[in-house]
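K.L.:
For what it's worth, numbering that gives the first Met the number 0 labels the leading residue of the sequence shown as 0, then goes sequentially.
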Amino acid sequence: MTTKPDQDRAPTGVLEKIRANPTGRLALKISVAVLGAIVVAVGIVAIPLPGPGWAIVIAGLAIWAIEFAWAKHLLEFTKKHVLAWTHWIGRQSWPVKGLVGLATFLFVSAVVYTTFRLSFGIDLIEKGRDWLS
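1. Going straight from the alpha carbon of M0 to that of T11, what length do you get?
2. What does the Cβ neighbour count give for A70, buried or exposed, with the cut at 16 atoms within 10 Å?
3. Can you tell me which of the three DSSP states D129 falls into?
4. Please check the pair I55 and A45, which I expect to be a contact at CB under 8 Å, by giving their CB distance rounded to whole angstroms.
5. In angstroms, rounded to a whole number, what distance separates the CA positions of V31 and I65?
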């Protein structure tokens, strides 16, 4: 006996089994929303600091994409543009790559300096001069 396409089939994956029950579906949606929000919040806090702030935000977006269509579309948009940027920079000459690298370094340095200055009251330039002398 064969199963017709419109007949219900037994869920095969873990998420499908959870979604098969209305309570499980709601619990999964709430869990994904909370976990994704925590990961995105940690990523946003980490963006101005040295490290993988944007990667953490994108990981949180990927968690949200498990349950939310808007997050899945935003994640696809992000992937598309990151790949486009990666391919564009890969086609550039070494001087252009060097200028982009220098601009990135200066931007990250300014963000780190400003973060330390405003958050902790530490002037990194002054501390560097004191350390050198």
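Built from N, CA and C at the ideal position, the CB exists for glycine as well.
P.N.:
Looking at the coordinates:
1. A caution first: M0 carries a pLDDT of 49, below 50, which makes its placement in the model unreliable, though a value can still be read off. When rounded, the distance between both Cα atoms is 20 Å.
2. buried
3. helix
4. 6 Å
5. 7 Å
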